[in-house]
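Chemist: Residue numbers 102 to 436, in the working numbering, belong to the letters of the sequence shown in order.
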Amino acid sequence: MTALLYIILAVVVAVAIWQVAGILNLKGVIATEKDNNTQGILFALFGIFFYGLMIFSFAKYSVVLLPDAASEEGSKIETLYIVTMLLILFVQAITQFLLFFFAFKYRGVKGRKALFYADSHKLEMIWTIVPAVVLSGLVLYGLSVWNNVMDASDAENPLIVEIYAKQFQWEARYAGEDNELGRANVRNIKGVNTMGVDVTDEHASDDVPTRELHLPKGRKVIFKFRSQDVLHSAYMPHFRAQMNCVPGMVTQFAFTPSLTTKEMRQNEATIAKVEGINKIRAEKGEDPYEFDYLLLCNKICGSSHYNMQMKIIVEEEDEFNSWIKSQKTLAQIIQ
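Rendered as structure tokens:
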């Protein structure tokens, strides 16, 4: 792989040198009307190719996009994303069309003179005010969605979970019956106390440490993030949730799961993706894949960054309650 990268780099450098040499050789050459006409036609043809490739890419590769958001807050984030992308695509379609169209229409023709405007206050007002208004509206909409997603103050009986990041794995800790996490600090890490929980804190004894994340459907989950060593990023793509885990401080994110693992496995988009993955795995002689929600690290945090994955199981609340009751508390583990 390294050798291939060096070969590609050498080819890119060679092409760049060739292009620069060509430009230097042409600096004294005056383009003819035939040259201008050829370049204008080529530009128009490239414009057609550009739009065709874009349409093909949307049709062909939309299958790799994530299925529907699996959280209530994620649906709001997804709507914001769709609005933003539609706006970007609308502007891009117009501006790129004008670029290709004008390059073709106003190519150099003998006898044609360019009309030069020193300035146009009307045009300047249009291209300044319109983008400013549109972007201001988009920013305000984004802030509204962000504040709505991040504000968990009105949550009724939320589940409190700490996500602890370290090179190169995740650990989780559930607040116990008091629904309050005990204090923690890296200085307290010793033996089985791998998350550095302060065992002298009265709120710590009923906390439940786990290596697998279970979440109840329909109940808001407030995540508290910590990092033991470097900057990590807790990324749960199917819930449209991501938050940095910063050494020395606690960050927070909250969402309400809306689809259980079983329900997401029955989603048509998920089924199509799993079938495609298993077709590739079968060709390689590998075991079939079954969909699961995952917690990933979205920061390149070291050589084994790719190993930072934790399975997430979303289930009905009664199933979750049965599972959490079957887990040992921190006091039971340390005793």
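Note that beta-carbon positions come from the ideal geometry of N, C-alpha and C, so glycine has one too. Just so we're clear, the structure is a prediction, and the values are computed from it rather than from any experiment.
1. What do you get for Arg382, buried or exposed, if any count of 16 or more other CB atoms within 10 angstroms of its CB means buried?
2. Excluding the 5 residues preceding and the 5 following Arg208 in the sequence, name in chain order all residues of the same chain whose CB lies nearer than 7 Å to its CB.
3. Identify, in the order they occur along the chain, each residue of the same chain with its Cβ nearer than 7 Å to the Cβ of Asn280, setting aside the five sequence neighbours on each side.
4. Is any non-hydrogen atom of the ligand ZN found closer than 6 Å to the C-beta of Ala204, if you look at the structure I gave you?
5. Could you pull out every unbroken beta strand (DSSP E) segment of at least 3 residues lying fully inside the stretch 212 to 259, listed in chain order?
6. Quick one, which of Asn368, Tyr218, Thr362 has its alpha-carbon nearest Phe421's?
7. So, at 6 Å on beta carbons, what are the nonlocal neighbours of Pro317 in its own chain, with the 5 sequence-adjacent residues on each side left out?
8. Between Gly403 and Phe392, what straight-line distance do the alpha-carbon atoms span, to the nearest angstrom?
9. Scan the stretch 146 to 213 and note each continuous alpha helix (DSSP H) run of 4 residues or more that stays entirely inside, going in chain order.
10. Alpha carbon to alpha carbon, how far is Ala171 from Asp220?
11. Specify the secondary structure class of Pro310 as computed by DSSP and reduced to three states.
12. Unbroken beta strand (DSSP E) runs of length 3 or more, entirely within the stretch 265 to 321: which are they?
13. Just the Cα atoms here: how many angstroms apart are Lys385 and Val375?
14. Helix, strand or coil for Ile401, going by three-state DSSP, please let me know.
15. CA-CA distance, Thr371 and Met365?
16. Can you tell me which of Phe217, Pro168, Asp388 puts its alpha carbon nearest to the alpha carbon of His339?
17. Below 7 Å CB to CB, which residues in the same chain sit around Asn345 once its five sequence neighbours on both sides are set aside?
18. For the candidate residues Asn379, Lys267, Ala273, whose alpha-carbon lies nearest to that of Asn408?
19. So what's Asn368 in DSSP terms, helix, strand or just coil?
20. Within 10 angstroms of its Cβ, does Met186 collect 16 or more other Cβ (buried), or is it exposed?
21. How would you label Ala273, buried or exposed, when you count the other beta carbons within 10 angstroms and need 16 or more for buried?
22. Hey, out of Gly148, Leu241, Ile178, Lys177, whose CA is closest to Ile94's CA?
23. Express the C-alpha separation of Phe269 and Ile435 in angstroms, rounding to a whole number.
24. Are Asp299 and Asn289 touching if we call contact CB-CB under 7 Å?
25. When the distance is taken between beta carbons, is Tyr390 closer than 7 Å to Ile401?
26. Would a C-beta distance cut-off of 7 Å place Lys321 and Ala256 closer than the cut-off?
Modeler: Looking at the coordinates:
1. exposed
2. Asn137, Asn138, Gln140, Gly141
3. Ile261
4. Only the bare structure without any ligand can be found here, which leaves the ligand ZN out of the picture.
5. none
6. Thr362
7. Glu418, Phe421
8. 26 Å
9. 173 to 206
10. 52 Å
11. strand
12. 270 to 275, 309 to 311, 314 to 317
13. 15 Å
14. coil
15. 7 Å
16. Pro168
17. Leu332, Ser334, Thr352
18. Lys267
19. coil
20. exposed
21. buried
22. Any question about residue 94 goes unanswered here, given that the chain covers just 102 to 436.
23. 23 Å
24. yes
25. no
26. yes
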